[in-house]
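Residue 163 in the numbering used here sits at position 61 of the sequence shown, with consecutive numbering throughout.
Glycine included, every Cβ here is placed at the ideal spot set by N, Cα and C.
None of these values were measured; they are calculated from a predicted model.
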Amino acid sequence: MQLQEPTRPLPLHPPETHSELHSQATPKQAAPKQAVSKLDPKVVLATFSTIFLAEVGDKTQIATLMMSAQSQQPWVVFLGAAPALVLTSLLGVMAGQWLSKKFAPQVLDTLAGLSFLALAVALLWDGVLR
């Protein structure tokens, strides 16, 4: 059995970007219908800052603090907490993507504001007025 030689030379190094990969594709290979979005450092920094500041001192952090103190196994607690936080973030991102296709941004802003307002009223009622 004789192997066919390639019709064009193979690159010496792997392609570094998604677009380079598809520029090297043969005509028979179809490019994807939707291009991969570029990583925007401003969005990454804004997301990290917002989530980090919102979570410092939050009930999740207090719960992991208590579990670590009680178990005396901080790395084991971290190994349980980290994937749980990643999964809840993934669920939030997926839900946000789905909602963004169903509702206009103004509607989502209004719903988020009303949700926070309802939570504030409930906490005020429970903590002060009761």
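- The Cβ atoms of S191 and V179 do not sit closer than 8 Å to each other.
- Around the beta carbon of T152, fewer than 16 other beta carbons sit within 10 angstroms, so the residue counts as exposed.
- When secondary structure is reduced to three states using DSSP, L141 falls in the coil class, being assigned neither helix nor strand.
- Scanning its chain for C-beta atoms nearer than 8 Å, with the 5 sequence neighbours on each side dropped, one finds around S173 the residues V179, in chain order.
- L187 sits away from L201, with the two beta carbons spaced by 8 Å or more.
- Our two residues, L231 and L216, have alpha carbons roughly 20 Å apart in a direct line.
- By the beta-carbon neighbour count (other beta carbons within 10 angstroms, threshold 16), T166 is buried.
- Look at A206 here: in three-state DSSP terms it is coil, with no helix or strand label.
- G198 and P176 have their C-alpha atoms spaced approximately 32 Å apart.
- In this model, F150 and G194 are separated by some 14 Å (Cα to Cα).
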